[in-house]
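What follows is one structure encoded as structure tokens, with my remarks underneath.
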Amino acid sequence: MSAEAAIQTFDRQQEALLFDLLAFLRFETISAQSEHATDMRACAAWICGQLDAADIEARMVDTDGHPLVVADSGPVPGNAAAPTLLFYGHYDVQPVGDLALWHSPPFEPTIRDGAIFARGSADDKGQLMTHLAAMRCWRQTGSPLPVRVKFIIEGEEEIGSRNLPLYLRNHAAELACDYLVISDTSKLDAQTPALAYATRGLVYKEIILTGPNRDLHSGQYGGAVANPANVLAAILNSLRDHQGRVTIPGFYDDVVPLTPEERQRLGTHGLSDADLVAKTGCPSPSGETGYTTAERCTARPTLDVNGLCAGYTGEGAATVIPTTATAKLSMRLVGNQNPDAISLAFDEAVRQVCPPTVKLTIRNHSHCAAYLAPTDSPGMRAAAQALADSFGRPPVLTREGGTLPILPLFKEVLGADSLMLGFSVPDCNLHSPNEFFHVADFVAGTRCILRFIERLGHM
96 MSAEAAIQTF DRQQEALLFD LLAFLRFETI SAQSEHATDM RACAAWICGQ
146 LDAADIEARM VDTDGHPLVV ADSGPVPGNA AAPTLLFYGH YDVQPVGDLA
196 LWHSPPFEPT IRDGAIFARG SADDKGQLMT HLAAMRCWRQ TGSPLPVRVK
246 FIIEGEEEIG SRNLPLYLRN HAAELACDYL VISDTSKLDA QTPALAYATR
296 GLVYKEIILT GPNRDLHSGQ YGGAVANPAN VLAAILNSLR DHQGRVTIPG
346 FYDDVVPLTP EERQRLGTHG LSDADLVAKT GCPSPSGETG YTTAERCTAR
396 PTLDVNGLCA GYTGEGAATV IPTTATAKLS MRLVGNQNPD AISLAFDEAV
446 RQVCPPTVKL TIRNHSHCAA YLAPTDSPGM RAAAQALADS FGRPPVLTRE
496 GGTLPILPLF KEVLGADSLM LGFSVPDCNL HSPNEFFHVA DFVAGTRCIL
546 RFIERLGHM
């Protein structure tokens, strides 16, 4: 079997490929900081070299921001019906934060206790390297790939994928595929692989209330003018009831209910009440009545206040009626909820309860649909078997509580479902000091990709 031959090649070359991963991690690809523009281009060129070494034609594509890397292995010889996989990843990383909190320099990758410590080791360079290593090892077997392989690798994921949508829409035919493959999620735990099939969407809003033209003395004017802070508190209180349900009319109309199988799976493998308390330090769980902690965190829509600002918040006391009060809110959405419709419904609900004694401004920030993939497709079956063969136990189907805007984007433009094969552990310090990726997961992840492309190619 070609996959096993490629795995043997990988096993022989593990040390060299690990060395390449360490080189990858040395590029200081912080997309949010303009002083790293040269590092970004150098890293994109390095990725092109990795793909060229696998005989996959790659090119660097300039954008208004950081470059994309696009590659295509070409059709499978003698098999026009072979499926096409589009591998997505990103080479940019988060800022490093306080260097004093790192146990080793973030761009000098260090292996300790079987883990690679470096910024981007898990998000996403280490996981992306499993794709690159798999392609190189397969080519060295001398056998053609059983599937057509394409790549699109961006350098702006950590700043919102600013230029990816335009390129995707303008090059949809070039990027056409049967499945999108992403390794930018995590396993269930250190021992158990996971196969995510759903992410939540997002609508992010800002409410600004303006009252008097300056902060007023509460003894002189209190009771005679509307206090924007009081009004804001009343508006926010009106958006949820005492059972934790969002009160916006129509908010739940299009929610796809959980199946009994999903509820059972979340009950077995999802976050428990005890885990929640231990991880967060909260006194006890809270949320929508009738649902478990695991269901609330991943499969139910939410409305949360993310920030509040009003009046005097400095040391001591200042008896003022503030001129303005603001709140920032996020709504996490689930399958079939339309973010545009939810956004409009939110605006109307706020207007209905806001009195004319203050001026109301509502600002829109980001919004994105939820993503929900079928769990019984050939791609999901092939991915599940490859994960089981490579990690020694079957994967657990999971739902992600966060948002991946690229998933509904690729679905909309290409009509392709995404296969989320994540290889990092959940507590790998993503976006934090001392981010790490286990060497064993790099090994198992690369083997998984090799087995997956063979299994899908022969379905």
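Number 336 in this note's numbering belongs to position 241 of the sequence shown; there are no gaps in the numbering.
Glycine included, every Cβ here is placed at the ideal spot set by N, Cα and C.
- With respect to the C-alpha of Ala127, the residue from Pro190, Arg295, Leu334 having the closest C-alpha is Pro190.
- For the beta strand (DSSP E) assignment, the uninterrupted runs of no fewer than 3 residues enclosed by the segment 389-424 are, from N- to C-terminal side, 397-405.
- DSSP places Gly221 within a helical segment (H, G or I) once states are collapsed to three.
- Each of Arg154, Asp157, His161 was checked against the Cα of Glu130, and the nearest Cα belongs to His161.
- If you draw a straight line from the Cα of Leu311 to the Cα of Glu301, it comes to about 24 Å.
- Under the three-state reduction of DSSP, Ala291 is assigned to strand.
- When secondary structure is reduced to three states using DSSP, Glu130 falls in the helix class.
- The beta-bridge partner set that DSSP reports for Leu516 consists of Leu290.
- Here the C-alpha atom of Ala436 lies approximately 11 Å from the C-alpha atom of Ile343.
- Judged by DSSP secondary structure, Tyr186 falls outside any beta strand (DSSP E); it is assigned neither H nor E.
- Within its own chain, the residues whose Cβ lies closer than 6 Å to the Cβ of Leu467, once the five positions on either side in sequence are excluded, are Ala293, Gly430, listed in chain order.
- For Asn174, the closest of Pro241, Leu113, Gly144 by C-alpha to C-alpha distance is Pro241.
- If you draw a straight line from the Cα of Thr280 to the Cα of Ile211, it is about 17 Å long.
- Residue burial is scored here from C-beta neighbours: Gly365 has at least 16 other C-beta atoms within 10 angstroms and is therefore classed as buried.
- Counting of Cβ neighbours within 10 angstroms places Glu356 among the exposed residues, the total staying below 16.
- In the three-state reduction of the DSSP assignment, Ser527 falls in the coil class.
- Apart from the 5 residues on each side of it in sequence, Gly474 sits with its Cβ closer than 6 Å to the Cβ of Tyr274, Leu514 in its chain, given in chain order.
- The beta carbon of Pro204 is closer than 6 Å to those of Leu117, Leu120, Ile211, Ala213 in its chain, skipping five residues each way along the sequence.
- If you draw a straight line from the Cα of Pro380 to the Cα of Met554, it is about 45 Å long.
- A residue is called buried once 16 or more other Cβ atoms fall within 10 Å of its Cβ, and Pro396 is buried on that count.
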